[in-house]
Amino acid sequence: MRMNVSTGPETAGLRPLSARSVVLSMLLAVHPPELPVKDLIRLVEPFGVGGSTLRAALSRMVAAGDLWRTDAVYGLSDRLLARQRRQDDAVHPRTRAWDGDWEMVVITATGRGAAERAELRTRLIALRLAELREGVWLRPANLDRPLPDGLHRVAVTYTARPDEPAHDLVARLWPLSAWASTAQTLLTTASDAPSPADRLTAFAAIVRHLLGDPVLPPALLPPTWPGPELRTAYAEYQREVVASVGVEGSVRGC
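Numbered as in our numbering, the sequence shown ends at 1171 without a single skipped number.
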């Protein structure tokens, strides 16, 4: 049985900071995600990014389509606005009371290439669905979000009530113990981080890890599930970031 995870160990782990990642963290913290270059220069300095390095990174990011520029203000491109929405949802998932129903998606399209199949798999995992067997995806129906319209071109969807006990099915679909263990490690790492750069690195890893949280109904989770604690810690860090920016901003993704 293939366990369903949205990221590999390298994604959930800590990554070295680059000037690009620091800039994106600052912009993804504020809504709307745009800042004057003078504020960016001030904000990135504690992370070891100097003015000349920042300006070179901003030029590359505009050329790559990551950012737009108007006069001395930089903002996220449409593509990265979509990333901000995904990460906002990871930190603040919208849920509803669970009545025992499950969402089921069955892939019906055939003749797709490897790249197309991989892209569809990534989309389904981003929807927090899990693969029971090839082409059959499901999850408890407790998320308050519609499935994208385009999905119906390649799949059919159902509402199901599996015969298998829900806890047993969850245990087959998601590696909850592994996810929880990594979450606890990240919480400790963030708490013990000795510098602003180390804290940013830890919290960037935390938000990536939250993308892999299946957001299951509380009744199906272990009693010490660290998801809420991870979200609370991240939200508090985001308040710090917004306060340091010194502009109107809401506490959302990084």
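From the three backbone atoms N, C-alpha and C, an ideal C-beta is built for every residue, glycine too.
Integer Cβ distance of residue i from residue j, believed to fall under 8 angstroms
{"i": "Leu1046", "j": "Val1008", "result": "Their Cβ separation, rounded to whole angstroms, is 20 angstroms, which puts Leu1046 and Val1008 out of contact at 8 angstroms."}
{"i": "Phe964", "j": "Ala1114", "result": "5 angstroms"}
{"i": "Val1071", "j": "Thr1039", "result": "No, Val1071 and Thr1039 are not in contact; Cβ-Cβ is about 13 angstroms, not under 8 angstroms."}
{"i": "Pro1063", "j": "Leu993", "result": "In fact, because the Cβ distance is near 24 angstroms, the residues do not count as touching under 8 angstroms."}
{"i": "Met1209", "j": "Leu971", "result": "Limits of the chain in this structure are 918 at one end and 1171 at the other, which puts residue 1209 out of reach."}
{"i": "Val1132", "j": "Leu1055", "result": "Between Leu1055 and Val1132 the Cβ distance is about 14 angstroms, and since that is not below 8 angstroms, they are no contact."}
Nearest to residue i (by Cα), restricted to the options the options
{"i": "Leu952", "options": "Arg986, Pro1139, Leu1103, Pro1063", "result": "Arg986"}
{"i": "Ala1150", "options": "Thr1106, Arg1011, Gly992", "result": "Thr1106"}
{"i": "Glu1153", "options": "Pro1140, Val1124, Leu1128, Pro1135", "result": "Val1124"}
{"i": "Arg1050", "options": "Pro1057, Ala1136, Leu1086", "result": "Leu1086"}
{"i": "Leu1093", "options": "Pro1139, Arg1056, Leu1128, Val1071", "result": "Pro1139"}
{"i": "His1069", "options": "Leu1037, Asp1061, His1084", "result": "Leu1037"}
{"i": "Thr1012", "options": "Glu1048, Ala1058, Leu971", "result": "Ala1058"}
{"i": "Ser905", "options": "Arg937, Gly1067, Ala999", "result": "In the structure as shown, the chain starts at 918 and stops at 1171, and residue 905 therefore has no counterpart that could be examined."}
{"i": "Tyr991", "options": "Leu941, Ala1014, Arg1029", "result": "Leu941"}
{"i": "Leu1044", "options": "Pro1010, Ala1014, Gly1030", "result": "Pro1010"}
{"i": "Leu1128", "options": "Leu1104, Trp1096, Trp1142", "result": "Trp1096"}
Start-to-end residues for the alpha helix (DSSP H) that takes in residue i
{"i": "Glu1157", "result": "1144-1162"}
{"i": "Val1087", "result": "1083-1090"}
{"i": "Trp1096", "result": "1093-1109"}
{"i": "Val1132", "result": "Note, Val1132: premise wrong, no alpha helix (DSSP H); not H, not E."}
{"i": "Pro1038", "result": "Note on identity: in this sequence residue 1038 is Arg, with Pro being the wrong assignment. Taken as a continuous stretch (DSSP letters only), the alpha helix (DSSP H) holding Arg1038 covers 1031-1043."}
Cut-off 8 angstroms between Cβ atoms - residues of its own chain near residue i, not counting five sequence neighbours on either side
{"i": "Arg1078", "result": "Gly1017, Asp1018, Trp1019"}
{"i": "Ser935", "result": "Ala974"}
{"i": "Ser1161", "result": "Leu960"}
Chain-order list of residues whose beta-carbon lies under 6 angstroms from that of residue i (same chain, five-residue window excluded)
{"i": "Gly1144", "result": "Asp1130"}
{"i": "Ala1173", "result": "Any property of residue 1173 remains undetermined from this structure, which presents the chain solely from 918 to 1171."}
{"i": "Val1053", "result": "Val1023"}
{"i": "Gly968", "result": "Ile958"}
First through last residue of the beta strand (DSSP E) which encompasses residue i
{"i": "Val1077", "result": "One point to set straight first is that residue 1077 is Ala, not Val, in the sequence displayed. Start and end: 1072-1077."}
{"i": "Pro1057", "result": "1053-1057"}
{"i": "Arg1050", "result": "1047-1050"}
{"i": "Trp1019", "result": "1019-1024"}
beta-carbon residue i near the ligand FMN non-hydrogen atom, thresh 8 angstroms
{"i": "Trp1054", "result": "Summarising the ligand content, the structure contains no ligands, and the ligand FMN is consequently not present."}
Other residues of its chain near residue i: CB distance less than 7 angstroms, five sequence neighbours each side excluded
{"i": "Glu927", "result": "Confidence at Glu927 is low in this model, with a pLDDT of 42, below 50, so the placement of that residue should be treated as unreliable; the coordinate-derived value is given next. Contacts found: none."}
{"i": "Val1168", "result": "Residue confidence for Val1168 is low, a pLDDT of 38 falling below 50, so the modelled location carries little weight; the figure read from the coordinates is stated next. Taken in chain order, the residues that qualify are Ala1152, Gln1155, Arg1156, Val1159."}
{"i": "Leu1137", "result": "Pro1057, Ala1083, His1084, Val1087"}
Would you mind listing the beta strand (DSSP E) stretches within the region 939-1012 that are 3+ residues and don't spill past its ends, in chain order?
951-953, 984-987, 990-993
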